[in-house]
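Protein sequences appear in the order of chains A and B.
Going by numbering that gives the first Met the number 0, the residue at position 316 of the first sequence is 315; the numbering climbs one at a time, nothing skipped.
Going by numbering that gives the first Met the number 0, the residue at position 82 of the second sequence is 81; the numbering climbs one at a time, nothing skipped.
Beta carbons are placed, not taken as given, at the ideal position from N, Cα and C, and that holds for glycine.
To start, the structure under review is shown below, and the notes come after it.
There are 2 protein chains.
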Amino acid sequence: MSRFVSSRDLLPRVLAGEVPAVARLLSRAEAADPECRETLGEIYGRAGKAHVVGITGVPGSGKSTMVAVLAAHLRKAGHKVGIIAIDPSSPYSGGAIMGDRIRMSDLASDEGVYIRSMATRGALGGMARATLDAVDILDVAGFDYILIETVGVGQDEVEIASASHTTLVVSAPGLGDEVQAIKAGILEIADVHVVSKSDRPDARSTVSDLKQMLTLGMATDAKTAWRPPVIATSSLKGEGFDELVSALGQHKAFLEGSDAGRARVRRIAEFRMIKTAEELLRRRFKESSAGRVAAVADRLAAREISPYVAGEQLLDGIGA
Amino acid sequence: MSRFVSSRDLLPRVLAGEVPAVARLLSRAEAADPECRETLGEIYGRAGKAHVVGITGVPGSGKSTMVAVLAAHLRKAGHKVGIIAIDPSSPYSGGAIMGDRIRMSDLASDEGVYIRSMATRGALGGMARATLDAVDILDVAGFDYILIETVGVGQDEVEIASASHTTLVVSAPGLGDEVQAIKAGILEIADVHVVSKSDRPDARSTVSDLKQMLTLGMATDAKTAWRPPVIATSSLKGEGFDELVSALGQHKAFLEGSDAGRARVRRIAEFRMIKTAEELLRRRFKESSAGRVAAVADRLAAREISPYVAGEQLLDGIGA
Chain A
0 MSRFVSSRDL LPRVLAGEVP AVARLLSRAE AADPECRETL GEIYGRAGKA HVVGITGVPG
60 SGKSTMVAVL AAHLRKAGHK VGIIAIDPSS PYSGGAIMGD RIRMSDLASD EGVYIRSMAT
120 RGALGGMARA TLDAVDILDV AGFDYILIET VGVGQDEVEI ASASHTTLVV SAPGLGDEVQ
180 AIKAGILEIA DVHVVSKSDR PDARSTVSDL KQMLTLGMAT DAKTAWRPPV IATSSLKGEG
240 FDELVSALGQ HKAFLEGSDA GRARVRRIAE FRMIKTAEEL LRRRFKESSA GRVAAVADRL
300 AAREISPYVA GEQLLDGIGA
Chain B
0 MSRFVSSRDL LPRVLAGEVP AVARLLSRAE AADPECRETL GEIYGRAGKA HVVGITGVPG
60 SGKSTMVAVL AAHLRKAGHK VGIIAIDPSS PYSGGAIMGD RIRMSDLASD EGVYIRSMAT
120 RGALGGMARA TLDAVDILDV AGFDYILIET VGVGQDEVEI ASASHTTLVV SAPGLGDEVQ
180 AIKAGILEIA DVHVVSKSDR PDARSTVSDL KQMLTLGMAT DAKTAWRPPV IATSSLKGEG
240 FDELVSALGQ HKAFLEGSDA GRARVRRIAE FRMIKTAEEL LRRRFKESSA GRVAAVADRL
300 AAREISPYVA GEQLLDGIGA
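Spelled out as structure tokens, the structure:
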């Protein structure tokens, strides 16, 4: 495997679900290797069968463990499961800090589960375009469920809802006030709520608080008939996961063939298009940094022009 | 004050530091009111005197309280302090969830401190362009230090370093493993480290862990002579803040007139230009959503074209 194999030549092996080929192509997509661009385009055209589940929740909510147990249960139900873990950005080294995810090692020996950690690269990238490419690659490699686990709160959590068919928000009992307040910001994007650590005595009140907030209309989507369920799970005892697997299946069935499902697919495509355009914008800016665009940045830094004018000039100057 | 006053007419009052005028213009900037665009451009041209400090750290690190106590100490040292608190995005309501920041109420009666909560609006905005406009408004209104407090981890934390002169990363003793692992992702962007809650007995080991990580070269910027200090503070006891105020002043002095300082100003301008261009890109996309661009999104959703092609077409179609 040390000899260079073109992405085009890797493609049939990816389509056959061969894990080493999948891993190699994922690495090239993450590195934004131009050599794989055309192959990624072809893969995008073939993708669209997998069900993409975005999983988010505040630090300390037990997300990673929950994802590992969920994957095992989906696997038991006969599904192939891909997991993409988006790690906190390391802007200067570009590496994935939580690269070794010990908790997931139990799954590593199963060929029906593939786990990939990815860094959200770069100061301006947000959820990386590479993450979206990785979803396609795992999709055409035959994974039925693709779980994207994001870390933390903020923009990443909002974006995950724009990239997923089903958004799963994990809450946990006993987190501090500050953490709970942040949680409120991501409640509205949930299609399915999970209260993890249900073995704890205070989990019951977290479940009822959550249900009450949902009843107050804070987080129900009036435009659709879907009402986000609240499911209590215990990763420790393995409880609640059959119910969770069933809820994911119900939401998948709800979307299939419905207007809500079509709207979601369209929303994902719009998100994808804008993210790609933004990456191209930044790339073109970088490439032209010796030229006219650099002069615009200089004038902005010197406060000779306004940000609005600079933005217009950047867009018009390198958009054409 | 209920009669409409144009942004142009508000400007002299903003420049005189009149808080009601500042508040009104901030609201217009946040609402992206086109009426204030020209005035914001003029304000940008006059700004550049304030020292902008980005403050970040994981949930539970005691950031908000630390910021309030820091503001009080900066005030005592004779500075006017503006605080911009960026709250977690509420994508559908667009509101700031933590709008009432009780802990900051002690400062609210002091005219030399102005506090503003802002939502990071929209699914695709990241750190809002409005936040950057707010920095300018507070700058020309005479605030010497502008503290931007971000919530959580992820892209927001990476972006804060691109928008600030000094980036302050808050750590705290006794947070869980998951939280600490996340922390590692934002260590590298720090110009100044704060270990909050130094009154806790386990704070000492947090300080020494942090110093050890810095010594290992994980987070020192080899290109400059600045070595990020680690400062222990106790918001409870008010300890460590004189040292922190002094460290901020030292970093400010380090940047002034140096190549590192000029590079940072240039980096902030580039960030500003790209963020503004991205906002324009999204706005143009929205405005043209009935036309040709919508057809591109449709073709992408139908997987007839690749994301790369769609991104190119979006950029070229509405960039010109």
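DSSP, read as helix, strand or coil, puts valine 68 of chain B in helix.
The C-alpha of alanine 84 of chain A is placed about 6 Å away from the C-alpha of methionine 117 of chain A. Where isoleucine 304 of chain B is concerned, there is no enclosing alpha helix (DSSP H), because DSSP gives it neither an H nor an E.
The Cβ-Cβ distance between aspartate 138 of chain A and isoleucine 145 of chain A falls below 8 Å. Under DSSP, the beta-bridge partners assigned to histidine 50 of chain A are A:Tyr144. Separation of glycine 59 of chain A and serine 6 of chain A (C-alpha to C-alpha, rounded to the nearest whole angstrom) is 39 Å. Remark: three or more beta-carbon pairs, one from each stretch, lie closer than 8 Å, so the region 296–307 of chain B and the region 263–270 of chain A are flagged as touching. At the C-beta level, valine 168 of chain A and threonine 55 of chain A come within 8 Å of one another. Annotated as distal: aspartate 208 of chain B and serine 233 of chain B, with beta-carbon spacing of 8 Å or more.
Look at valine 4 of chain B here: in three-state DSSP terms it is coil, with no helix or strand label. Closest in alpha carbon position to valine 18 of chain B, among B:Ala293, B:Val112, B:Ala67, is B:Val112.
Here isoleucine 273 of chain A carries a helix assignment [DSSP, helix/strand/coil].
Short of 6 Å from the beta carbon of glutamine 312 of chain A, and not among the five residues preceding or following it, lie these beta carbons of its own chain, in chain order: Val295.
Membership of leucine 167 of chain B in the beta strand (DSSP E) is indicated by the continuous run 165–170.
Serine 163 of chain B and valine 52 of chain B do touch by the CB rule: their CB atoms are close to 6 Å apart, below 8 Å. Per DSSP, reduced to three states, the secondary structure at isoleucine 188 of chain A is coil, with no helix or strand assignment.
Per the C-alpha coordinates, the member of A:Ala15, A:Arg74, A:Gly141, A:Ala31 positioned closest to arginine 128 of chain A is A:Ala31. Pairing tryptophan 225 of chain B with alanine 259 of chain B gives a Cβ-Cβ distance under 8 Å.
Bounds of any alpha helix (DSSP H) do not take in valine 229 of chain B; it lies within the beta strand (DSSP E) bounded by 229–231. Neighbours of valine 308 of chain A in chain B, taken as residues whose beta carbon is under 8 Å from its own, are Gly40 in chain order. Taking a Cβ-Cβ threshold of 8 Å, none of the residues of chain A is close to phenylalanine 142 of chain B; the smallest such distance is about 17 Å. Listed along the chain, the chain A residues whose CB falls inside 9 Å of the CB of tyrosine 113 of chain B amount to none; the nearest CB is some 22 Å away.
Here DSSP, grouped into helix, strand and coil, assigns alanine 252 of chain B to helix. Residues His50, His164, Thr165 of the same chain have their beta carbon placed closer than 8 Å to that of lysine 251 of chain B, with the five preceding and five following residues left out of the count. Within 10 angstroms of the beta-carbon of glutamate 278 of chain A lie 16 or more other beta-carbons, which makes it buried. Interface with chain B (8 Å Cβ-Cβ cutoff): glutamate 34 of chain A is excluded. The three-state reading of DSSP puts valine 139 of chain A in helix, counting H, G and I together. Between glycine 310 of chain A and threonine 275 of chain B, the beta carbon gap of about 3 Å places them in contact (Cβ cut-off 8 Å). In the structure shown, serine 161 of chain A adopts helical secondary structure according to DSSP, grouped into three states. In this structure, the CA atom of valine 308 of chain B is about 35 Å from the CA atom of leucine 39 of chain B. Going by beta carbons, valine 21 of chain B and isoleucine 136 of chain B fall inside the 8 Å limit.
Shown in chain order are the members of the region 289–301 of chain A whose Cβ falls below 8 Å from a Cβ of chain B: Val295, Ala296, Asp297, Leu299, Ala300. Sequence-distant partners of glycine 61 of chain B (beyond 5 residues in either direction) whose C-beta falls short of 8 Å from its own C-beta, in its chain, are Val169, Ala171, Ser195, Lys196, Ser234.
Proline 306 of chain A sits buried, since 16 or more C-beta atoms from the chains shown fall within 10 Å of its C-beta. Residue contact with chain A for alanine 224 of chain B: absent (no Cβ-Cβ distance below 8 Å to any residue of chain A).
With fewer than 16 neighbouring CB atoms inside 10 Å of its own CB, threonine 214 of chain A falls in the exposed class.
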